[in-house]
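Worksheet for the structure shown next.
Residue numbers (the numbering used here): 167 to 371.
Written as C-alpha cells, this is what we have:
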C-alpha cells in the first residue's frame, strides 16, 4: 500500500469506530508510521527481543502489541522489564509459529506465563479457520486473553493467500458474543461447543 492508502485506511477505520493497527519492522519506518496517525503498533515475534526497536517504538506510540512466537524467555523477560520500568502500555501475544497451527499444539497455558509480565495478554492465532474456526480464540479469551490477532478475509478461502488461516465476519460475531459472557457462562459454552478444548491448554513452557 502507498502512504496515501495507509492514511485512507486509518481515516476509514476511525470513521467506522475501529482502531487501526500496523506492524513496525524496522527503525527507519517509525517516523512515517507515526505521521499517519496510528496510536498503537504491532511488533512481530522476531522483534520482541530487539530492545533498540522496542525502545524507539515505546517513545513514539501509546501502546505496543508484541508477539512472542519466535522469542526466547530471556528476551521476553528483558523486554517486559524495560517496558514496565518505563511504564509503557503493552500486550504480549502468545503465538505458535506453525502455519496452520494444530489445535493440540496451541499450548494456551503459555498465557499464564506471559501474565507474569503484563496485565494484558492475548493470542496470535494461525489455526486452520475452515476446520477449526475460532475454537482456540474462545479458549484463550476464557483464560484471560484481552487481544486476539487473526487473519481476516471477505473473500472465498481459495482467492486469498492466507485464506486457510483467515476468519470471516461470522467468526467475529461469535467471538464478540463469547467475549461478553461472564466466566462461568464462557465455560459452559466451551463445554457444550468445544468439549475437547482441554487439548489446547498444554503447558506454559
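Backbone N, C-alpha and C fix where the C-beta goes; we use that ideal spot for every residue, glycine too.
Taking 7 Å as the cut-off, the Cβ atoms of residue 331 and residue 317 count as close. Under DSSP, the beta-bridge partners assigned to residue 230 are 207, 256. Excluding five sequence positions before and after residue 340, the CB atoms of its chain that fall closer than 7 Å to its own CB belong to 300, given in chain order. Secondary structure note for residue 290: its beta strand (DSSP E) is the uninterrupted segment 287-290. When C-alpha distances from residue 302 are compared across 279, 179, 219, 267, the shortest belongs to 267. Counting C-beta pairs closer than 8 Å gives three or more between the stretch 275-289 and the stretch 250-263, which meets the contact rule.
By the neighbour-count criterion, in which a residue is buried when 16 or more other Cβ atoms sit within 10 angstroms of its Cβ, residue 320 is exposed. Nearest C-alpha to residue 369 among 329, 273, 312, 306: 273. Residue 219 is a Cβ neighbour of residue 213, given a cutoff of 7 Å.
In the three-state reduction of the DSSP assignment, residue 214 falls in the coil class. A residue is called buried once 16 or more other Cβ atoms fall within 10 Å of its Cβ, and residue 298 is buried on that count.
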